[in-house]
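Only one structure is covered here, and it is reproduced in the block below.
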Amino acid sequence: MQMKLLLLAALLALLAAFPCHAQTDAQSESAQAWKAKLSAHIAKSRLFPAQALAQTGEARVGFVIDRYGKLVSRALAASTGSRLLDDAALDIVARAQPFPQPPSELKEETFSFVVPIVFSGRQFRVPTDGLVLSMPASGSTASDAMAAWRKVVSEHVWRNRVFPSNAIGQRADAGVTFVVDRSGKLISNALVESTGFAPLDAAALAMVERSAPFPKPPAEAKDDLQRVTILMAFDGILPKPAPPSPEREKFLQSWVEEQAKLSPKSPGPDDAKLNSMMRSICRGC
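Numbered per mature numbering (1 follows the signal peptide of the UniProt record, and there is no 0), the sequence shown spans residues -22 to -1, 1 to 263.
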């Protein structure tokens, strides 16, 4: 009887362990298949810079995407030695979005990769086994907290965007890396990817500076200083100015009435024209 109980216990233990093992294998296979799909997807972009047709080299681009395949950030991890090829490598990754979405077995909100892009004269290739996925360990609350914090920081910076009026119609991407301490104070910032247009580059850096202080890193952060790299996509459209506040409307009306009292007999624009004139002058101020 005791032997039967021992055998039954061993069988139950085996049955309990087997599904977990099978699930882990399935998750690993899904992740590998997704990585291969991502590599093939990136390799579809065949645009090669005409000025660099005779150049060769290998670039490595680090990039982050969210669960929906949206590109969160990208930066050059290793240079080819050629600015033209480096820029082409970053453009290849940018044009690949939206990326194939991760399998449901992967629960993270963001995914970090490093992809090699090999240029050889007139073409490039992405090695199918070269893309590296950096995944946090299962149940790693610290990694989850840091990923969530980086997402909040990116959204915080984007809310502080201002498009320079002298860059209307310009469409470009800028990459900015910056360092934040545990209190959310901005320590340093630098441009890691230029738009090729000085006003937009300045706007990208100013956007980060206006965002200080930043949300504080989570307590799980191991280092006192945190480096964040974000991609800023300028779409060439000037945001519409906010309508005047009731207080400003009241001030303008009061000013118009005062001006009318000061010179009631002098010819000049009527109230409607004066109102319109003042609103056009003060719009956005």
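We put the beta carbon where it would ideally sit given N, CA and C, even for glycine.
Quick caveat, the model's predicted, so the values are computed rather than measured.
Take residue i as the anchor and find which of the options has the nearest alpha-carbon.
i           : options            : result
residue 177 : 12, 64, 95, 142    : 142
residue 86  : 61, 63, 185, 124   : 124
residue 148 : 163, 173, 167, 137 : 173
residue 22  : 210, 191, 71, 110  : 71
residue 16  : 47, 32, 169        : 47
residue 184 : 175, 161, 139, 207 : 139
residue 128 : 61, 29, 26, 196    : 196
residue 209 : 59, 155, 38, 190   : 155
residue 182 : 59, 105, 212, 198  : 212
residue 198 : 191, 137, 111, 122 : 122
Compute the beta-carbon to beta-carbon distance between residue i and residue j, rounded to the nearest angstrom, for a pair I have assumed lies under 8 Å.
i           : j           : result
residue 102 : residue 40  : 17 Å between Cβ atoms; not a contact.
residue 131 : residue 193 : 6 Å
residue 179 : residue 145 : Their Cβ separation, rounded to whole angstroms, is 10 Å, which puts residue 179 and residue 145 out of contact at 8 Å.
residue 66  : residue 11  : Not a contact, Cβ separation roughly 28 Å.
Just mark residue i as buried or exposed, buried being the case when its beta carbon has 16 or more other beta carbons within 10 Å.
i           : result
residue -2  : Here the model assigns residue -2 a pLDDT of 39, short of 50, so the residue's position is not dependable, and the following value carries that caveat. Under this definition residue -2 is an exposed residue.
residue 203 : exposed
residue 158 : buried
residue 76  : exposed
residue 187 : exposed
residue 13  : buried
residue 36  : buried
residue 201 : exposed
residue 99  : exposed
residue 220 : Residue confidence is low: residue 220 scores 46 on pLDDT, short of 50, so the model does not pin down where it sits. No coordinate-derived value is stated.
residue 49  : buried
residue 7   : exposed
residue 52  : buried
residue 63  : buried
residue 168 : exposed
residue 32  : exposed
residue 18  : exposed
residue 189 : buried
residue -11 : Summary for residue -11: the model assigns pLDDT 42, below 50, so the residue's position carries little reliability; its value from the coordinates is reported in the next sentence. Flag for residue -11 reads exposed.
Would DSSP call residue i helix, strand or coil?
i           : result
residue 56  : strand
residue 107 : coil
residue 63  : helix
residue 146 : coil
residue 17  : helix
residue 183 : helix
residue 27  : coil
residue 38  : strand
residue 265 : Nothing can be reported for residue 265, as the shown portion of the chain is limited to -22 through 263.
residue 71  : helix
residue 84  : coil
residue 177 : helix
residue 123 : helix
residue 132 : helix
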